[in-house]
Every structure is written in structure tokens, then in C-alpha cells.
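Each residue of the sequence shown is one higher than the one before, counting from 1 in full-length UniProt numbering.
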Amino acid sequence: MKALTVTDTELRIFARHVPVRCHQVALDAGCGSGNFSRQLHRFGYDVIALDFAHSALEAARRTPLPGVTYLHHDLDQGDPPGLQYRGIDLVVCRLVLPLLRDPVRWVRRVRDRWLRPGGRMYLVIPVGEHADQFGRMTEQQISALCDGWAKSVRYDLRSTSACLVLRAPRPRWRAGRAKLRHPERLTAGSPMTTRRTSSPPVPRGARPAMPVGP
Ligand SMILES: C[S@@+](CC[C@H](N)C(=O)[O-])C[C@H]1O[C@@H](n2cnc3c(N)ncnc32)[C@H](O)[C@@H]1O
């Protein structure tokens, strides 16, 4: 699948629809050489970036950044080791979904097991006309991805790719909500549970300047 440069237009869409909060955890699924992982870092996220291609990870690690962890993982092989159950604030999957064995099932798994209630999923998907077009999904397949989310927003990027922002549902009952925020955290201290501690404190909710460039 062809790479798609991260443009200012895409970053504006991202910033408008994904609440940016410093030190939240974002997972970049199929990060490639880490272009979008680095943007997430600039927005203030702690980033876990996964890919199954060693060459891509090697390229990504050439630009080390505090709070960005690159891990080898095949998204078709279940959950990454050390995953905080429902502990991720944002999952990004850019130009990867049609390459997975069962994209709809994988997206549901992210919604139900990876994301915290109210967390976001950000997807960029090349659009094709036929169901069997390699590396693309049809409009019908793309709309099936939106089932079961509390909210979905769709944009077109350069008419060839769809950009979806999906919001995970929250539990219906609100009593004791604070206790429920991370109800089933499974592990602590694994690479996937660390939060950045070395950078200067930024007020929670502060919006960092829009990152531009690679
Ligand atoms: C077109 S690149 C997109 C890279 C990056 N997301 C971006 O937006 O620039 C697709 C990436 O997905 C990775 N990928 C494809 N299938 C995967 C899988 N099953 N598990 C992990 N990574 C996968 C590839 O290795 C490749 O780096």
C-alpha cells in the first residue's frame, strides 16, 4: 500500500475530532517508519507504535523520542503482550486496515478490549470500488466499521482515502464512574503501561501547538 504523506489538512481534521490531552496513551497500529507516531508525540501523547516489519521498526527507531516505544507485533496475532485491558486512550490505524485478515473483527476487538470507554480510534483507509481490491475497502465495508460506536465522523482525504474518527461507548450507568475508569487493568510496569515522566508538566487539557512537518 502506498504511503500517504501526513498533510496539514489531515492534522487539522485529527486535532478537531480527537481531543488532544498530554500524556494520554496512543497506540499506532502498523506504524511503518513512524511518521504519524512522531506527530502523536508532538501532540503530547505517550506513544506505543507497533509493526510486524522489522525493517519499518528499524527505520522508525532511527529517530528516538522520549515517550515513544516501538514494538514488534503482528496485529493478526491477537493482543500485544502487556496490553492494558481497556487502557488505551487512542488507537491510530493509518493505511493498514485492509491489509489485516479480518478488518471488521479487528476494529471491534480494539473497541471492546483495547480502548478505554470514550476512547477514540483514528483510521485512514484507501477506498476502492470492488470488494477484492488489494489494500482498499469499499464504501459498504467502511460503513460496516462504524457499527457499535458511540459516534463516528468521516472525512475524505484527497478523494482516495477515507478518514474515520470513532468514539468508543461509555458504560450506561454513571454511578461510581471514577472507579470504573480503568476497571480491568491487567498488568503494571510492562512497556505498554509506562507513562512519560521526564517531560515538563503540562496542564491536563492544554492543547499543544499544532505539529507540522515530518
Ligand atoms: C502503508 S504502511 C502505513 C504506515 C503508517 N501507518 C503510515 O501511515 O505511514 C502499512 C504498514 O502496516 C504494517 N502492517 C501490515 N500488516 C500488519 C500486521 N498484520 N501487523 C503489524 N503491522 C502490519 C506494514 O508492515 C507497514 O509498515
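C-beta atoms are modelled at their ideal positions from N, C-alpha and C, and glycine is treated no differently.
This structure is a prediction, so every number in the text was calculated from the model and none was measured.
8 Å Cβ cutoff met for residue i and residue j
i, j, result
"glycine 67", "aspartate 89", "no"
"cysteine 93", "alanine 26", "no"
"arginine 116", "arginine 158", "no"
"cysteine 31", "leucine 11", "no"
"leucine 65", "isoleucine 48", "no"
"glycine 135", "alanine 168", "no"
"methionine 137", "leucine 166", "no"
"aspartate 79", "arginine 113", "yes"
"glycine 34", "threonine 63", "yes"
Residue i versus residue j: straight-line alpha-carbon distance, rounded
i, j, result
"leucine 186", "leucine 83", "The predicted model places leucine 186 with a pLDDT of 29, which falls under 50 and marks its position as unreliable; any figure quoted below should be read in that light. When rounded, the distance between both Cα atoms is 8 Å."
"glutamate 58", "aspartate 132", "31 Å"
"glycine 128", "alanine 144", "15 Å"
"isoleucine 125", "arginine 42", "23 Å"
"lysine 151", "arginine 16", "14 Å"
"aspartate 8", "cysteine 22", "20 Å"
"arginine 38", "valine 20", "14 Å"
"aspartate 102", "valine 91", "17 Å"
"arginine 111", "isoleucine 142", "16 Å"
"glutamine 140", "phenylalanine 52", "28 Å"
"alanine 162", "arginine 172", "30 Å"
"alanine 188", "threonine 160", "For alanine 188, the pLDDT reaches just 30, beneath the cut-off of 50, and the residue's location in the model is therefore unreliable, although a value from the coordinates is still provided. The alpha-carbon atoms of alanine 188 and threonine 160 are separated by roughly 41 Å."
"alanine 60", "arginine 170", "34 Å"
"leucine 40", "histidine 130", "32 Å"
"phenylalanine 36", "proline 81", "22 Å"
"proline 183", "valine 6", "Interpretation of proline 183 is limited by its pLDDT of 37, a score under 50 that renders its predicted location unreliable; no figure is taken from the coordinates."
"leucine 123", "glutamine 24", "18 Å"
Of the residues the options, the one placed nearest residue i, counting alpha carbons only
i, options, result
"leucine 99", "Thr69, Leu75, Pro80", "Leu75"
"leucine 4", "Pro19, Gly148, Val96", "Val96"
"phenylalanine 14", "Ser33, Phe52, Val153", "Val153"
"serine 55", "Trp149, His73, Gln39", "His73"
"valine 18", "Pro171, Gly34, Gly44, Asn35", "Gly44"
"arginine 108", "Trp149, Thr69, Gln77", "Trp149"
"aspartate 147", "Ala60, Arg170, Val104", "Val104"
"tryptophan 106", "Pro81, His130, Gln77", "Gln77"
Runs of beta strand (DSSP E) lying entirely within the UniProt domain "Methyltransferase type 11" (27-122), each at least 3 residues, in chain order: Runs found: 46-51, 68-72, 88-94.
Every unbroken alpha helix (DSSP H) within the region 118-159, with a cutoff of 4 residues, ordered by chain: Whole alpha helix (DSSP H) segments, 4+ residues: 139-144.
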